[in-house]
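K.L.:
Numbered as in the UniProt record's numbering, the sequence shown ends at 113 without a single skipped number. Each residue gets a CB set at the ideal place from its N, CA and C atoms; glycine is no exception.
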Amino acid sequence: MATMLSPDIALTPPAAARVAAIAAKQGKPAILRLSVEGGGCSGFQYKFGMAEAAEADDSITETDGVRLVVDSISLDLVRGAQVDFVDNLGGAHFAVTNPNAASGCGCGTSFSV
1 MATMLSPDIA
11 LTPPAAARVA
21 AIAAKQGKPA
31 ILRLSVEGGG
41 CSGFQYKFGM
51 AEAAEADDSI
61 TETDGVRLVV
71 DSISLDLVRG
81 AQVDFVDNLG
91 GAHFAVTNPN
101 AASGCGCGTS
111 FSV
């Protein structure tokens, strides 16, 4: 079965490299799941986790052999976004640049639409 890749969300090469390193260390597939949940300082928050496989309703994008999967409900809130990995004085973390976010908070993990 052919995988349907989505142009709706992007995974940067630095984020793909970080996912690949985590997956290799854990002995798991290089698949990062991004979901959006209610909560956080601004109303919604991003949640990241390693996945064993994509689900039937997931949108999938691939960079350097690493997959980013997003469920259909979360995709509506992050369509057009880019997932990056940032390592700076503030710490190392996955960061989402989301064109749908009307506002965010200082922690960078929550947003409102």
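Helix, strand or coil for residue 28 per DSSP?
P.N.:
coil
K.L.:
Any contact of the stretch 17-30 with the stretch 54-61, i.e. 3+ C-beta pairs under 8 Å?
P.N.:
no
K.L.:
Between the C-alpha atoms of residue 85 and residue 73, what's the straight-line distance to the nearest angstrom?
P.N.:
23 Å
K.L.:
Determine the closest residue to residue 52 out of 95, 61, 30 and 37, with distance taken between C-alpha atoms.
P.N.:
Checking every option, the nearest Cα to that of residue 52 belongs to 30.
K.L.:
Hey, quick one: how far does the alpha helix (DSSP H) through residue 89 stretch, first residue to last?
P.N.:
Per DSSP, residue 89 belongs to no alpha helix (DSSP H) and is neither H nor E.
K.L.:
Classify residue 12 as buried or exposed, calling it buried when 16 or more other Cβ atoms lie within 10 Å of its own Cβ.
P.N.:
So residue 12 ends up on the buried side.
K.L.:
Using only the alpha-carbon positions, how far apart do residue 33 and residue 70 sit?
P.N.:
Looking at the two C-alpha atoms, the distance is approximately 6 Å.
K.L.:
Between which two residues does the beta strand (DSSP E) carrying residue 43 extend?
P.N.:
43-50
K.L.:
Indicate the three-state DSSP secondary structure (helix, strand or coil) for residue 79 in the structure shown.
P.N.:
coil
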